[in-house]
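Heads up: the structure comes next, in structure tokens.
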């Protein structure tokens, strides 16, 4: 496994496999790797001949009040995980390598970045789409891997790739959950033991929503209210949104008669937690 | 020479030369090719093993009141010019091939797109940078060629490529001028015979600016006033701007002690004309 912090070197290393027609996979991460990331890496190793993992806590996707400084950076552990799972190249640039001068150029996906997390995190998706564009241009992958846990991010990235004709495939892998259903996230480590238990309310609530839809509910407002009620049983949980939206447009659905994404964001102590499930109400 | 209107086909055609390590050059144009474009094509043929010319009147870079509909589209003549000058592939997509659905994703260069032409053409550069990103992603060139006549566009594209780590080189070729100094432009054909004569005032004025700087002028305001005065000798000419700016930042210079771009935009009858010269005031 080779590790570099420079754009020039990662470009040099990618040239021979590209010229040889080998399939290059990229797993873009902010580090603090967990089993969710590992499932992305394993999928990449399965599908690609060369696997690159980027570790970069991207400053431009954090708001001024957000957790950029305290975001975990367990560098050595991350490298060990990559090594263990067959990663070929780790790209771990510094902020100044990625943004060597004032960044004037932004990739901006409009519309679908406004609801859900876009409402409370202005500029977040602009940072994500810009840094992903940069990583795609630096590494030149044939395929890049994202997690369904960040459902809006996955939809936004897919739309960006389609709109801008980026020459790569986007693969979205299922959310990885703990035994009690909590979606694995680097931010879970901000939680105390009690908060960690309370956090399971989110997945319980999502499952309750799924049950209602599968039992034939057609009114998204009723489902939404029930999901919120389950989360509210934990008094410490502050709901940011519970939304039933179209998985492509991310606009609220008026009636449950097709694929629907139930998406939740909530604050619990120091952590902002998000989760979602995709339900096909036609199959109910 | 091969001609296609589909993204899929141009991608297929580019794969073998790319795999063979051949250098691919792209000349992005809106068609209505003239000797200025030909100089770009010749430079591309000189430097690259495969030359692609795109002919696409890009709707997203025109304002609602601008000349999108009347912009000349002499398709057969354009193909003949490409053929004659050794172009390998002409990519001539329809608007619906390039924008098959509502376009949600924009590449936006901030700051340097605001002065000069940005002031009177809001959204213009956003359209240019977005379509160039799409063309770069479709063709995958090693190098793309632009004209110095559109100085702000060239600076904006260069900055976009640097900021987003796009894996290609940008070559900017000198402005091509008629014998009387008028910068060649597709929009010159909107001019009547009298207007065509009057239009030469712009280059005369730019040369007057150069003479002042080479004679030691240090105050950009004085130079600006003289340039404007020369243009105003043609009563029909409506000046949009005359600016002395830093060639990289496009911000007005306070004192003439380095490289400076003298940039002009003016309306003359049905045409909006732009021109510029680069002067190094240190060499005076």
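Residue numbers (this note's numbering), protein chains in the order written: chain E, 1 to 284; chain L, 285 to 568. Glycine included, each C-beta is placed from N, C-alpha and C at the ideal position. A quick note: this is a predicted structure, and the numbers were derived from the prediction, not measured.
- Pairing residue 430/L with residue 396/L gives a Cβ-Cβ distance that is not under 8 angstroms.
- Per DSSP, reduced to three states, the secondary structure at residue 161/E is helical.
- For residue 421/L, the uninterrupted alpha helix (DSSP H) run begins and ends at 408-423, by DSSP.
- Rounded to whole angstroms, the separation of the alpha carbons of residue 466/L and residue 97/E is 43 angstroms.
- Rounded to the nearest angstrom, the Cβ distance from residue 104/E to residue 443/L is 6 angstroms, consistent with a contact under 8 angstroms.
- Residue 332/L sits close to residue 309/L, with the two beta carbons spaced by under 8 angstroms.
- Counting C-beta atoms within 10 angstroms of its own C-beta, residue 214/E has fewer than 16 neighbours from the protein chains shown and is therefore classed as exposed.
- Comparing alpha-carbon positions, the option among 123/E, 100/E, 10/E and 281/E lying closest to residue 218/E turns out to be 281/E.
- For the region 149-181 of chain E, residues whose beta-carbon sits nearer than 7 angstroms to a beta-carbon of chain L comprise 159, 160, 163, 164, 165, 166 and 167.
- Taking 8 angstroms as the upper bound for CB-CB distance, residue 237/E and residue 201/E are in contact here, some 6 angstroms apart.
- In this structure, residue 312/L and residue 419/L form a Cβ contact; the two beta carbons are roughly 5 angstroms apart against a cut-off of 8 angstroms.
- Within the region 86-120 of chain E, those residues whose Cβ lies closer than 7 angstroms to any Cβ of chain L are, in chain order, 103, 104, 105, 106, 107, 108, 109, 110, 111 and 112.
- The CB of residue 7/E comes closer than 7 angstroms to the CB of 449 in chain L, given here in chain order.
- Here the C-alpha atom of residue 324/L lies approximately 41 angstroms from the C-alpha atom of residue 249/E.
- Residues 126 and 130 of the same chain have their beta carbon placed closer than 6 angstroms to that of residue 106/E, with the five preceding and five following residues left out of the count.
- Cβ proximity to chain L below 8 angstroms picks out 129, 130, 133, 134, 137, 138 and 140 from the region 126-141 of chain E.
- Contact between residue 51/E and residue 87/E is confirmed by a C-beta separation of about 5 angstroms, below the 8 angstroms threshold.
- With contacts defined by Cβ atoms closer than 8 angstroms, residue 92/E and residue 36/E do not form a contacting pair.
- Around the beta-carbon of residue 116/E, 16 or more other beta-carbon atoms lie within 10 Å, marking it buried.
- Collapsing the DSSP output to three states places residue 191/E in coil.
- Nearest CB-CB separation between residue 19/E and chain L: below the 8 angstroms threshold.
- Setting aside the 5 residues that flank it on each side, residue 73/E is surrounded in the same chain by 31, 32 and 57, each with a C-beta closer than 8 angstroms to its C-beta; the list follows chain order.
- In terms of Cβ geometry, residue 507/L and residue 490/L do not form a close pair [threshold 8 angstroms].
- Closest in C-alpha terms to residue 426/L, from the list 558/L, 495/L, 292/L and 306/L, comes 306/L.
- In this structure, residue 471/L lies near residue 555/L, with their beta-carbon atoms less than 8 angstroms apart.
- Pairing residue 268/E with residue 152/E gives a Cβ-Cβ distance that is not under 8 angstroms.
- Residue 421/L and residue 162/E have their C-alpha atoms roughly 11 angstroms apart.
- Annotation: the continuous alpha helix (DSSP H) that includes residue 296/L extends over 291-303.
- Using a Cβ distance threshold of 8 angstroms, residue 557/L and residue 476/L do not count as a contacting pair.
- At a Cβ-Cβ threshold of 8 angstroms, residue 516/L and residue 563/L do not count as neighbours.
- With respect to residue 374/L, residue 298/L sits apart: the two C-beta atoms are not nearer than 8 angstroms.
- Rounded to the nearest whole angstrom, the C-alpha separation of residue 441/L and residue 44/E is 33 angstroms.
- According to the DSSP assignment, residue 99/E belongs to no alpha helix (DSSP H), since it is labelled neither H nor E.
- In the DSSP assignment, residue 225/E falls outside any beta strand (DSSP E) and within the unbroken alpha helix (DSSP H) covering 220-232.
- For residue 209/E, the uninterrupted alpha helix (DSSP H) segment begins and ends at 201-214.
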